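Chemist:
Chains as they are written, first to last, in the working numbering: chain P, 1 to 421; chain H, 422 to 646.
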């Protein structure tokens, strides 16, 4: 959820809840106030009635200003009635509707005998007032909410402008390029964020550069002594007075040196891929790439008596990636399919509009499936592989966001590479 | 037959010199950029081997200057850096070949021969050892005057053996030479064996003596004795 949506949602929920609560309280208070007011008015009217009764206990005027209705009853001498206020409904003759009235009932001793007096006052005017005020309140709340909404949008966009700018810059940040530089910030928190981000990206860029340098130096430093060992053993082999025993020793040194040298260059390659040092992206025709490498590996295929079948989908399959890495990717997948095949087995290379599938016969994996792409995991029965080929493939796929899946189906290893989504 | 070697690692340079001198090349050595620079135009070199990482200068600069000076000199870059961009840059500046450290000396010799053939003799040279004659231009092989039909790999293998005649060449170096990154150890020695068996059979069928010796399982040697 976007920051703006979330903030708006919070504000809306909270203010609606608050306004609802306040509305109820306000309504109650208003009602109580108006009731108290009516009570006071009724008490005042009681004085008027009393004074009328004092003047003329026999007759009350038909109309007394302020009283909507009046009832006077004679009661027995022993009757006692406290003074009470109450609400009641009465039928209004004119409109034939029930209306609410506030009344004051008391016992008057002003007449000849005890009288039960009930003074009625219509609540309509005060009710109307409460209604009006409530309506006004509601309209104000709606206006206020709309205002908050708009304000939130504009203020938000303005306040967070620098934040979004920084976010954009961060998205574009690449460890291989310059560290992020953000403009001056007048909001304290953003200024802090800017400092932290700049420091972090500077650190990242520096680490990356140092790692790159280290990798470069390591290869150089390792390859040179290896080159010396290799050249010396080769010179030694040329020596005339070497017996078969010595030759075997030299051969063993030579073979191991070659292995270290291969290991070193492959590990360097993996590091370079992880550091994203391959940036020369070009459009590559998958079918042509496959044909090229299949031809190069033809011998290996024939030697093992493997039948290789190609099925290319009619559509041109283009991959956007570094050509060098594309070569490494395809060679390693194909080589893997040849080496971990059985004598006289088969390989099926298939392309779809978005994927490359390579199937090959072979015994099930001698290790857990999830270890397949890990470094130095290999079938020790199968010659001198380094166990780096597939982890190299995996690294390349990861660096381009390709999907690489493995499955063992019908005694076949199936590698599926999905390169576009 | 002068060869200039510019390489800062003494031990490696000495190995190269020893091996090349066994091959009959005369070598001039430079251990750094400045010595190399001074020696650039002292001789008419057949081939120059230049290391890119020199303590006091950039080997690429040396390649550029060498190419401006003499255009019929073969230039081979020797570098521990294997990045594609480096290779492309080196070749663009005028190098003829790019060899990544560590390399086999036998491969170096084969590359020198091949570069020299291209730059000096413009490929017209015909290699002749014993009764075997190879014309690299047409990629053809003859025993006496009879053409021998070889596959591409058998031809490459023969040329490699002949370029390193009288030297023991290891199976690893043959594998690297013939297949490069495609070999990678997996059963490539079986191929060498297969190709060599076929090559021998074809040459013998054409009437050539067997010049190829097995050396204690280490490698092979092409020799007239």
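Note that CB positions come from ideal geometry on N, CA and C, so glycine has one too.
Small disclaimer: the values here were computed from a predicted structure and weren't measured.
Does DSSP classify residue 520 of chain H as helix, strand or coil?
Modeler: strand
Chemist: Let's see if you can read the secondary structure: which residues bound the beta strand (DSSP E) around residue 266 of chain P?
Modeler: Not the beta strand (DSSP E): residue 266 of chain P falls in the alpha helix (DSSP H), residues 244-274.
Chemist: Give the DSSP-derived three-state secondary structure of residue 598 of chain H in the structure shown.
Modeler: Helix.
Chemist: Would you say residue 420 of chain P and residue 354 of chain P are within 8 Å of each other, going by their C-beta atoms?
Modeler: yes
Chemist: Mind checking if residue 235 of chain P is an interface residue toward chain H, Cβ cutoff 8 Å exclusive?
Modeler: yes
Chemist: Since residue 519 of chain H and residue 498 of chain H are thought to touch, with beta carbons under 8 Å apart, how far apart are those beta carbons, to the nearest angstrom?
Modeler: 5 Å between Cβ atoms; contact.
Chemist: For residue 469 of chain H, return the contacting residues in chain P, with the cut-off set at a CB-CB distance below 7 Å.
Modeler: Under the 7 Å cutoff, chain P gives no residues; its nearest Cβ is about 18 Å from residue 469 of chain H.
Chemist: Among all the DSSP beta bridges, which residues are the ones paired with residue 413 of chain P?
Modeler: P:360 and P:408
Chemist: So if DSSP puts residue 423 of chain H in a beta bridge, which residue, or which two residues, is it bridged to?
Modeler: H:447
Chemist: Within 8 Å of any Cβ in chain H, is that where the Cβ of residue 224 of chain P sits?
Modeler: Yes, residue 224 of chain P lies at the interface with chain H (some Cβ there is under 8 Å from its Cβ).
Chemist: Tell me which residue opens and which closes the alpha helix (DSSP H) that residue 86 of chain P is part of.
Modeler: No alpha helix (DSSP H) contains residue 86 of chain P, which is instead part of the beta strand (DSSP E) from 84-92.
Chemist: Since I believe residue 537 of chain H is in contact with residue 467 of chain H (beta carbons under 8 Å), could you give me their beta-carbon distance rounded to a whole number of angstroms?
Modeler: 6 Å
Chemist: Can you give me the start and stop residues for the beta strand (DSSP E) that residue 640 of chain H sits inside?
Modeler: From DSSP, the beta strand (DSSP E) with residue 640 of chain H extends over 640-643.
Chemist: How far does the alpha helix (DSSP H) with residue 48 of chain P in it extend, from its first residue to its last?
Modeler: 3-55
Chemist: Starting from the beta carbon of residue 501 of chain H, find every residue of chain P whose beta carbon is closer than 7 Å, and list them in chain order.
Modeler: 219, 220, 223 and 224
Chemist: Using a Cβ-Cβ distance under 8 Å, would residue 299 of chain P count as near chain H?
Modeler: yes
Chemist: If I follow the unbroken alpha helix (DSSP H) through residue 229 of chain P, where does it start and stop?
Modeler: 188-238
Chemist: Assuming the contact rule is C-beta atoms closer than 8 Å, residue 471 of chain H and residue 427 of chain H should be a hit. Round their C-beta distance to whole Å, please.
Modeler: 5 Å
Chemist: Report yes or no: is there a C-beta of chain P within less than 8 Å of the C-beta of residue 593 of chain H?
Modeler: yes
Chemist: Using a Cβ-Cβ cut-off of 8 Å, state whether residue 442 of chain H counts as contacting chain P.
Modeler: no
Chemist: Roughly how many angstroms separate the alpha carbons of residue 613 of chain H and residue 196 of chain P, rounded to a whole number?
Modeler: One C-alpha to the other measures close to 60 Å.
Chemist: How should residue 643 of chain H be labelled, buried or exposed, when 16 other C-beta atoms within 10 angstroms of its C-beta is the threshold for buried?
Modeler: Around the beta carbon of residue 643 of chain H, a 10 Å sphere encloses 16 or more other beta carbons of the protein chains shown; the residue is thus reported as buried.
Chemist: Give a yes or no on whether the minimum CB-CB distance between residue 228 of chain P and chain H is below 8 Å.
Modeler: Taking 8 Å as the CB threshold, residue 228 of chain P lines the interface with chain H.
Chemist: Can you list, in chain order, the residues of its chain whose CB lies under 7 Å from that of residue 484 of chain H, leaving out five sequence neighbours each side?
Modeler: Listed in chain order, the non-local C-beta contacts of residue 484 of chain H below 7 Å within the same chain comprise 471, 496, 498, 511, 514, 515 and 516, local neighbours out to five positions each way being set aside.
Chemist: Are the C-beta atoms of residue 412 of chain P and some chain H residue less than 8 Å apart?
Modeler: no
Chemist: From the beta carbon of residue 255 of chain P, is the nearest beta carbon of chain H less than 8 Å away?
Modeler: yes
Chemist: Considering only their Cβ atoms, is the gap separating residue 578 of chain H from residue 616 of chain H smaller than 8 Å?
Modeler: yes
Chemist: Determine the direct distance from the alpha carbon of residue 373 of chain P to that of residue 533 of chain H, and round the result to whole angstroms.
Modeler: 40 Å
Chemist: Expressed to the nearest angstrom, what Euclidean distance is found between the alpha-carbon atoms of residue 274 of chain P and residue 192 of chain P?
Modeler: The straight-line gap separating the alpha-carbon atoms of residue 274 of chain P and residue 192 of chain P is approximately 31 Å.
Chemist: If we call anything under 8 Å between Cβ atoms a contact, is residue 325 of chain P one with residue 278 of chain P?
Modeler: yes
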